[in-house]
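Residue numbers (the numbering used here): 55 to 637.
Below, the structure written as structure tokens:
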């Protein structure tokens with residue numbers, strides 16, 4: 055090392071990183087990065103390559119350590135006092151819909167087979183003594199017979215909407231089932247959130263309930279969100295007991311998971327006081343395992359397990375009836391309710407695997423070791439791109455680019471696993487998979503290409519370099535690739551921003567992928583500012599869209615929603631980068 059210092063201090067040409075790291079001929083990857091590379095220039099004594107190499111290696115090790123530490127923290131499991139689902143301590147009742155894969159209750163062509171239902175009921179009989187259904191068509195009229203064979207009781211649902219003929223069919227079928235299986239059907243639920251959807255008037259609903267009661271010997275009720283019971287107390291005389299839905303996540307003022315059980319008990323007591331003498335059944339209560347935040351209400355595996363566990367423990371201590379929502383994830387609901395709609399099940403929707411087996415701690419990232427390994431590999435690739443670049447360019451720009459590379463690599467290494475998991479759970483249909491997979495791909499290459507740009511002094515690409523007239527377009531393959539990634543980032547980001555403004559209820563926040571994608575561009579803008587020139591119109595318009603969306607989202611979502619605030623920060627970073635663009 056002393057010899058290296060002596061050489062560096064002498065009047066001979068200074069050693070480059072190319073000579074120090076790899077004196078042999080450049081690899082094919084290096085030639086791709088530098089198709090027009092020439093001989094290395096002399097290095098200024100103030101920024102010796104050996105110093106840059108030491109700093110880069112130190113930053114690399116720090117980056118890997120940070121990625122490993124964060125993923126260890128993210129993957130740390132939680133031990134619950136009571137397992138959410140324990141075969142040795144069965145839940146009172148659980149909502150059941152048999153639809154899988156392509157099956158949906160929205161299509162009259164759907165017909166669920168006996169074998170499929172029987173398989174589900176055999177599994178549910180191991181964790182509960184009762185199921186709640188919601189309709190009698192599409193093959194669901196087979197459930198009471200099969201439930202009797204599995205030893206399950208059934209709270210039979212009757213779905214009511216604006217189609218009067220369909221309503222009559224639902225009612226007549228349910229009455230028949232209650233008569234044929236008196237030991238299995240223990241109650242009828244005439245209508246589910248019908249008042250919430252404004253499909254029927256209160257007086258007509260009450261008349262329908264009384265008509266059904268006159269024809270069966272089992273108790274009859276109606277089910278709706280708790281507020282609709284308090285505002286329609288004339289149903290008191292029509293029902294045998296009151297069935298309320300308490301979904302803390304969906305409250306007008308969302309309730310965080312840690313307060314969900316207490317909130318449910320408070321509401322139960324409030325409704326009981328309003329309907330004295332009537333038994334109160336919490337007909338739906340649960341928490342989603344995936345999806346967007348609503349204010350401080352965060353869907354997650356740990357939160358779902360915690361809410362279910364605490365509600366069941368409270369019901370046992372306070373001796374009230376509760377029906378969990380729900381048995382299986384229903385993927386078809388994601389098309390109309392977003393990721394959250396298909397993530398309420400205690401079992402997976404396709405494999406029918408219990409999410410939280412008894413005795414096993416719960417983690418939000420059960421595959422965190424794989425996600426960490428992928429992040430480490432991506433960060434290594436980012437540093438490799440920077441090292442290959444430094445071989446062909448003397449470190450005359452100082453150490454600042456290495457810090458930019460380190461920040462980009464560390465951020466990408468941490469967030470890649472999060473972004474990949476979100477793509478898996480949040481992509482709905484071919485269009486959704488294309489949109490979010492494209493953003494993830496662009497976010498993955500952005501720090502790699504950004505590392506090359508940071509070390510070579512190249513500013514962020516502009517749209518004109520890729521799409522402009524001849525004379526503006528670049529001939530560099532790297533700039534072209536970077537420009538394509540930028541376009542994907544801006545287009546998918548704009549689609550999300552507009553969705554969060556005009557239809558935000560079920561739009562997920564792509565904070566992880568968007569941050570991975572945007573941070574390297576922002577670092578390039580800061581360290582390698584664009585050359586003087588005119589401000590392009592396209593970039594300015596997109597920047598305006600992002601800023602406008604941020605203002606709306608902050609007021610609409612609230613500062614308690616950290617997913618929204620993080621996404622807004624990424625939007626602003628992208629907007630600033632686009633605003634600084636020059637043609």
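Virtual Cβ for every residue (Gly too), placed ideally from N, Cα, C.
All figures in this text were calculated on a predicted structure; none of them were measured in a lab.
Burial of residue 477 is indicated by the presence of at least 16 other C-beta atoms within 10 angstroms of its C-beta. Per the coordinates, the alpha-carbon of residue 329 lies some 56 Å from the alpha-carbon of residue 573. The continuous beta strand (DSSP E) containing residue 210 extends over residues 207 to 212.
Residue 484 and residue 531 have their C-alpha atoms roughly 29 Å apart. When rounded, the separation of the alpha-carbon atoms in residue 300 and residue 420 is 29 Å.
DSSP, read as helix, strand or coil, puts residue 240 in strand.
Residue 407 and residue 378 have their C-alpha atoms some 17 Å from each other.
When the beta-carbon positions are compared, residue 249 and residue 274 stay at least 8 Å from each other. Selection 344, 488, 318, 637 evaluated against residue 334 yields 318 as nearest (Cα-Cα).
Residues 131, 132, 134, 355, 356, 359, 410 of the same chain have their beta carbon placed closer than 7 Å to that of residue 416, with the five preceding and five following residues left out of the count.
Going by DSSP, residue 632 is part of the alpha helix (DSSP H) stretching over 616 to 633. Here residue 304 is not near residue 158, since their CB atoms are 8 Å or more apart.
For the 8 Å CB-CB criterion, residue 399 and residue 380 form a contact. In this chain, the alpha helix (DSSP H) harbouring residue 264 covers 256 to 267. Contact between the segment 457 to 471 and the segment 547 to 561 is absent: fewer than 3 CB-CB pairs across the two stretches fall below 8 Å. Here the alpha carbons of residue 220 and residue 167 stand approximately 21 Å from one another. DSSP places residue 506 in the uninterrupted alpha helix (DSSP H) bounded by 483 to 510. Comparing C-alpha distances from residue 492 to each of 558, 563, 567, 232 shows the shortest one belongs to 567. For residue 391, the enclosing alpha helix (DSSP H) begins and ends at 388 to 395. Beta-bridge partners assigned by DSSP to residue 184: 207. Judged by DSSP secondary structure, residue 434 falls within the alpha helix (DSSP H) whose first and last residues are 422 to 446.
Per DSSP, residue 611 is one residue of the alpha helix (DSSP H) stretching across 591 to 611.
Collapsing the DSSP output to three states places residue 348 in a strand. Annotated three-state conformation of residue 382 is strand, per DSSP.
For residue 149, the beta-bridge partners assigned by DSSP are 186. Rounded to whole angstroms, the separation of the alpha carbons of residue 183 and residue 372 is 20 Å.
Using a C-beta cut-off of 8 Å, the segment 109 to 122 makes no contact with the segment 340 to 348, since fewer than three inter-stretch Cβ pairs fall below that distance. Residue 440 is positioned such that its CB atom lies no closer than 8 Å to that of residue 539. Boundaries of the beta strand (DSSP E) harbouring residue 336: 334 to 339, taken from the DSSP string. When the five nearest sequence neighbours on each side are left out, the beta carbons in the same chain lying within less than 8 Å of the beta carbon of residue 585 are those of 513, 636, in order along the chain. Of all alpha-carbon atoms in 534, 438, 193, the one lying nearest the alpha-carbon of residue 518 is that of 534. In this chain, the beta strand (DSSP E) harbouring residue 299 covers 296 to 299. A Cβ-Cβ distance of about 14 Å is found for the pair residue 202 and residue 150, leaving them out of contact under the 8 Å criterion.
Within the DSSP bridge table, the entry for residue 376 names 336 as partners. With contacts defined by Cβ atoms closer than 8 Å, residue 311 and residue 341 form a contacting pair. Nearest to residue 496 by alpha-carbon distance, out of 544, 452, 174, 229, is 544.
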